Structure formats: structure tokens, C-alpha cells
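Enquirer: Heads up: the sequence shown begins at -5 in the numbering used here, then just goes up one per residue.
Quick one: the structure is below, questions incoming.
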Amino acid sequence: MMNNRSDIIKELVRTETIRSQEEFIGLLAARGVHTTQATLSRDLRKLHISKQHDAAGQYRYVLQEPVRPSRASLAQSRAGESIVSLCFSGQMGVIRTLPGCANMVGALVDEHEHPALMGTIAGDDTLLLILREGTDHTGLLIFLEGLIPGIRNKLKQ
């Protein structure tokens, strides 16, 4: 049996077509939950419940699942924050990171394979990029910038 107001609100949204807060308050009262419009509004906001058009073009309340960043976007964000510098020399590139972050950056780069990269070797705070013969650093830098926004700003000559 549900006794928590939040649980009852979510259950009603899942099982009923509710078009107004007045209707919502009435359904809650029928279940023994007496609340004000202001409290209901706060509950709806906290529970990520909003009004959307249904197939008939009328508004109804729906439960929105909170958007959670994907693992890939979290890794990209953390990678960008952890990079200290990037430099190239011949057929190698070196990415310096904060301590403990080189492996994470290397895994991200490896996961998104680039034809110019033969591979990576990660230490604690250094990632070695091994480039194919004749690789243009500019093309690889564009790839890295798309993968890890802001890395171009860490480029050292």
C-alpha cells in the first residue's frame, strides 16, 4: 500500500490521464491525500512531472525521467578537465594529465579509434600517442578537439 504522497502522485501519473491541477488534487483527495495547489506544484517539479501534449493534442501530466549524462560524455568532460598539456614530436604525441588520469584519457582516445593512431600507452600522468608514418598533426588535433573539447588550448610547441 502506498502511503507516501510522492509515490501516490507518480502512480496517478502512470495510470490516469490528468489534465489539470484541480483534477490532480481531486484524485489525490480520493486517495486520502489532501494537499494545496502550491504543494502539488512543488511536488510535480521535484518529481520531474510536466504537462505534454498527448496523441489527441490535449495536455496531460507525464513523468519525465531525469536526464543523466552518458558515461561517454562524463569521460569526455573529465578528460578535458584533467589534461595539462599536449605536444607533438615527429610520430609521437604526449598528453600530460593530472596524476591518475592518463589511463582514462587513453581509454577515451582508444575507444574512438583514429586511422592516424597506431596506439596509446598510458602511465599515471602521461599518455603517449604513437602516430602512423606521415601523420598530419593538424588532422589528429582536430580529431582530439572533437573528442576532448578544449585540448587545442593545451597545445605546446
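Think of the CB as a built atom: it goes at the ideal place given N, C-alpha and C, for glycine as much as any other residue.
Note that the structure is a prediction, hence the values are computed from the model and not measured.
What residues are listed by DSSP as bridge partners for residue 86?
Expert: In the DSSP output, where bridge partners are listed per residue, residue 86 has 83 and 124.
Enquirer: Relative to the C-alpha of residue 39, which residue among 58, 131 and 94 is closest?
Expert: Of 58, 131 and 94, the residue nearest in Cα terms is 58.
Enquirer: Within its chain, find whatever has a CB closer than 6 Å to the CB of residue 75; leave out the 5 residues flanking it on each side and keep chain order.
Expert: Same-chain partners within the cutoff: there are none.
Enquirer: Would you mind sorting residue 142 into buried or exposed? The rule is 16 or more other CB atoms within 10 Å of its CB.
Expert: Label assigned to residue 142: buried.
Enquirer: In terms of residues, what are the limits of the beta strand (DSSP E) holding residue 57?
Expert: Run containing residue 57: 53 to 57, per the beta strand (DSSP E) assignment.
Enquirer: Identify the residues that DSSP records as bridge partners of residue 47: which are they?
Expert: 53, per the DSSP bridge assignment.
Enquirer: In or out: residue -4 buried (at least 16 other Cβ within 10 Å) or exposed?
Expert: Per-residue confidence for residue -4 stands at a pLDDT of 46, beneath the threshold of 50, marking its modelled position as unreliable; the derived number appears in the next sentence. Residue -4 is exposed by the Cβ-count criterion.
Enquirer: Any idea what DSSP makes of residue 110, helix, strand or coil?
Expert: DSSP places residue 110 in coil when its eight states are reduced to three.
Enquirer: Under the assumption that residue 100 contacts residue 110 (Cβ atoms under 8 Å), give the Cβ distance between them as a whole number of angstroms.
Expert: Contact flag wrong, Cβ pair sits at about 16 Å.
Enquirer: Roughly how many angstroms lie between the CA atoms of residue 43 and residue 148, to the nearest whole one?
Expert: If I take the Cα positions, the gap works out to 42 Å.
Enquirer: Return the CA-CA distance between residue 47 and residue 55, expressed in angstroms with no decimal places.
Expert: So the alpha carbons of these two residues sit roughly 9 Å apart.
Enquirer: Can you name the start and end residues of the alpha helix (DSSP H) that residue 0 belongs to?
Expert: That run of the alpha helix (DSSP H) goes -1 to 9.
Enquirer: Report yes if the C-beta distance between residue 90 and residue 120 is below 9 Å; otherwise report no.
Expert: Yes, they are a contact pair.
Enquirer: Is the beta carbon of residue 3 within less than 8 Å of some heavy atom of the ligand PLP?
Expert: The ligand PLP is absent from the structure shown, which contains no ligands of any kind.
Enquirer: So what does DSSP say about residue 99, is it helix, strand or coil?
Expert: Helix, per DSSP.
Enquirer: Does DSSP put residue 92 in a helix, in a strand, or in coil?
Expert: Coil at residue 92, not helix or strand.
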